[in-house]
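According to mature numbering (1 follows the signal peptide of the UniProt record, and there is no 0), the stretch in the sequence shown is residues -23 to -1, 1 to 706, in order.
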Amino acid sequence: MSKNYIVAHAFLLILVSGLGVLGQQPMQTEMEALLLLKKFLVSQNSVNRGVYLGWNLEENRSSSPCTWMGISCDGNHITSIDLSKNNIAGTMFRNFSAFTNLSYLDLSNNYITDLSDDLKLCRSLRHLNLSRNMIEGEVNLTGMDKLEVLDLSNNRLREQPRFGDCENLKVLDLSMNYLTGKLSNESSIESCMELQIVDLSGNSIEGSLSFTFGRYRRFSMSSNKLSGNLPTWVFPKNCSLNVLDLCENNLTGEVPKNISNCKELMELNLWGNKFSGKIPDEVGFLSDLQSLILGDNNFLRDIPKSLPGLSNLTVLDLSKNNFGDDIQEIFGQFTKISYLILYGNTYTGGLHSSGILKLQNLSGLDLSYNNLSGPLPPEISQMLSLKVLALSSNRFSGNIPQEYGKFPRIQVLDLSFNELEGSIPASFGKLNSLLLLQLVMAEPCHNQLSGKIPAELAHIGKNATPTFMLNKFDGTKTTGLGDCASLTRWMPETTIAVLTSNSRNYCTQFWDIVQRGFGISPLCSDDGEVYGTPGYIQLSGNQLSGEIPGNISQISELGYLNLGNNRFSGKLPIEIGLFPSIQYLDISKNEFSGEIPMEVGNMKSLYFLDLAYNNFSGDIPNSMSKLTNLAQFNLSYNPLITGKVPSGQMTTFTKWSFLGLPLLQFQENGTPIAPPSELESEERAGSSFSGRHVFFISFPIFFILSFLYFSMFCDISKCCFRNTTICKT
């Protein structure tokens, strides 16, 4: 082999090696930037750190950052960083521009407080998700001219962003912030010519609309302060809308007839405005329409004859429009719809003349808060697809038909606040999918159900899984309960104001989550805390009597049981301690006697327990000290209770939990019962409601609203009535 060949070959190897090193240089630089990012994140958060802790070169020198969790590459460049749900707190990293080819950045579901100006130097960025953080201050996107998707929802923004050049922006989500003022021309979304999906819901933007909906596919400005009429020009001939959501604003006047220009419209939500006049006949020309939500307005009661011809219409909400007299006969022609929501009108008469009983495809029927009267029609039981039946707050009278135990998929049955009488049908034990049963009354003129609880009731809800599975894969929003009204009937009274002060979409999302079988609250089990969907039975304020059947503990995952203000008697069955997941138990204002079963201490998920105004006797079981989750407790006015208050958990409650117990000693081992708080007044002394701390009064609504906000672990839609993708926490 010649010397010249050897020299040439060596030179070629050196050249190739040098090129390889040059080719690796960008990755080396970006890897160093990643390690700086890791160091920054570790310094920001001393606990609960995320996947970035695994970014470690020392353990494996040959490790490529492209294999690190949350990192994706293309060639020798990092192109994607996903650090969502990583407990990142504080300020944002100031050197993302070091990743010169970065096109995807997701820092959502963290606790970041500000935006970095360095982001404007990320010239390749196409997808930026900073949703569900704590970001406030100015948002200046000038320079990010390749951005296609921007999600800043669920933050604390008060100023509308400055877009600069946004010619490629297609998706913009600024919902659930604190944006105020009018939609300014300088930063207007109108300058983003490719924009197709816009969500500005849940802000305080005011004024009238100043642009058309022509090019948008989905547009939401629900829960803002828009006012004025909808001008005809907002619906141009080239309108391409699929979804329009303007619910919960202050819009007035009539709905323009030329809304029919939006021929591809599938969802129209105008709930909670001040629209008036006739519902346009032209709405019936929207052949793709699936959801029509016109509730809480002032429309005339004339229903367009064109609407029943909408073959794709599945949801029709005309609630709270002051429709009076008999229910319009035309509803009997809507044979394809799944959910009919007419609550909160002033309908009178019965149901037979309306034709509603012919709608065999209904999954949800809400006629609550009207003035309907007469016997409950047994024919409703022939609607075999029903999952939600809400007939509460009417004037229905007579017995509950035995046929109401034949619904194969019913999940919510609310017959409360009527003038019903008689006993609870034993056939209710066949309602395998039932989650919520409400037969409550509040005044003497309302339900006066009597007799014993049938033993068969223990079988309700024993196999809801098949219905849950159907709901999970059903694209239609499952709830037929329109607003927060039905929720407030099964929450403690002190939570009602908290619940109703929030937007309607909290309540509709909550109902949808529950009926799809996803967990909303922690349940205690031998394996630790898990999430579940507890059932609810509300039978308070009737004249039910006799003993509670011991087999009631067989009700699967019962979370709420309210039997208060009845005439139940006898001993509390020891089986009461077998409820694996009960959180709320109210048996106050009855005639129970005997000792409190020690098995009560086994209900580890319990946070509300009211035993007041009964005839219990003997000592308070020491086992109740094991109820470490108990936040609200009342044993008042059981004058035969003796002994001492057990140490531990029971001593955390004030004397308001133990009023009218003359034989009870108020200290154990020298530890006194906590004195009444200054915030507690004498008005609470006679109430059936006592707790450890004011915070816990709102605990039930706390976990609901927390779940909805921290659905940061899911992709839950934020508009008032929209199909959602739900995940399990």
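The beta-carbon is built from N, C-alpha and C at its ideal position, and this holds for glycine as well.
Asked, Found
"To the nearest angstrom, how far is it from the Cα of residue 707 to the Cα of S93?", "Any answer about residue 707 is impossible in this case: the structure gives the chain only from -23 up to 706."
"Grouping DSSP H, G and I as helix and E and B as strand, with all else coil, what is K548?", "strand"
"Is V365 buried or exposed, if buried means 16 or more other CB atoms sit within 10 Å of its CB?", "buried"
"Within the segment 178 to 247, note down every full beta strand (DSSP E) run reaching 3 residues or more, in order along the chain.", "181 to 184, 195 to 197, 202 to 205, 220 to 222, 227 to 230 and 244 to 246"
"Judging by CA-CA distance, which residue of A589, S594, I532 and Y584 is the nearest neighbour of S602?", "Y584"
"Hey, how far is the Cα of C224 from the Cα of N250?", "7 Å"
"So for N274, helix, strand or coil by DSSP?", "coil"
"Have a look at R278, T323 and A608 and flag the residue whose alpha-carbon is nearest the alpha-carbon of F308.", "R278"
"Are the Cβ atoms of P257 and K234 separated by less than 7 Å?", "yes"
"Rounded to whole angstroms, what's the CA-CA distance from S613 to K632? Just pull it up for me.", "9 Å"
"In this structure, does DSSP put A66 in helix, strand or coil?", "strand"
"Please look up how many angstroms separate the CB atoms of T629 and V622, rounded, as I've assumed it's under 8 Å.", "About 10 Å separates the two Cβ atoms, so there is no contact after all."
"Provide the residue span of the beta strand (DSSP E) that contains P352, from first to last.", "N348 to P352"
"For L392, name the three-state secondary structure that DSSP assigns.", "coil"
"Closer than 6 Å: is that where the CB of L363 sits relative to any heavy atom of the ligand SAH?", "With respect to the ligand SAH, the structure shown offers nothing to examine, as it has no ligands at all."
"What would DSSP say about F73, mapped onto helix, strand or coil?", "helix"
"Can you check whether the CB of F405 is closer than 7 Å to the CB of L434?", "yes"
"Give every residue of the same chain whose Cβ lies closer than 6 Å to the Cβ of L271, excluding the five residues on either side of it in the sequence, and list them in chain order.", "L247 and L295"
"Could you name each continuous beta strand (DSSP E) segment of 3 residues or more that falls completely within the segment 251 to 320, going from the start of the chain to the end?", "251 to 254, 268 to 270, 292 to 294 and 316 to 318"
"Measuring CA to CA, which of N206, G205 and V211 is closest to F196?", "V211"
"Smallest Cα separation from G230: which of N274, V28, S330 and D150?", "N274"
"Cβ of L266 within 7 Å of Cβ of L290?", "yes"
"State the beta-bridge partners of S61 as determined by DSSP.", "Bridge partners of S61: none, in fact."
"Report the residue from L353, Q359, E576 and S80 whose alpha carbon sits nearest the alpha carbon of S369.", "L353"
"According to DSSP, I174 sits in a beta bridge with which residue or residues?", "V148 and R195"
"For S675, name the three-state secondary structure that DSSP assigns.", "Reliability of the predicted coordinates at S675 is poor, the pLDDT of 34 falling under 50, and no value is obtained from them."
"Can we say the segment 537 to 548 touches the segment 522 to 529, given the rule of at least three CB pairs closer than 8 Å?", "yes"
"Which one of L344, S340 and N376 has the shortest CA to CA distance from Y361?", "According to the sequence displayed, residue 361 carries Leu and not Tyr. Residue S340 is the option with its Cα nearest to L361."
"What are the start and end residues of the beta strand (DSSP E) that includes V365?", "V365 to A367"
"Using the C-alpha atoms, what's the distance from D343 back to I318?", "5 Å"
"Is D563 closer than 7 Å to G541 when the C-beta atoms are compared?", "yes"
"If I'm right that L98 touches S74 with Cβ under 8 Å, what's the distance once you round it to whole angstroms?", "4 Å"
"Which residues in the same chain as R26 place their Cβ atom closer than 8 Å to its Cβ, once the five residues preceding and following it in sequence are excluded?", "L18, V19, N63 and N64"
"Pull the bridge partners of Y88 from the DSSP assignment, please.", "A66"
"Let's test the definition: count the other Cβ atoms within 10 Å of the Cβ of Y561 and tell me whether it reaches 16, buried, or not, exposed.", "buried"
"In angstroms, rounded to a whole number, what distance separates the CA positions of A662 and Y590?", "A caution first: A662 carries a pLDDT of 42, below 50, which makes its placement in the model unreliable, though a value can still be read off. Between A662 and Y590, the C-alpha separation is close to 12 Å."
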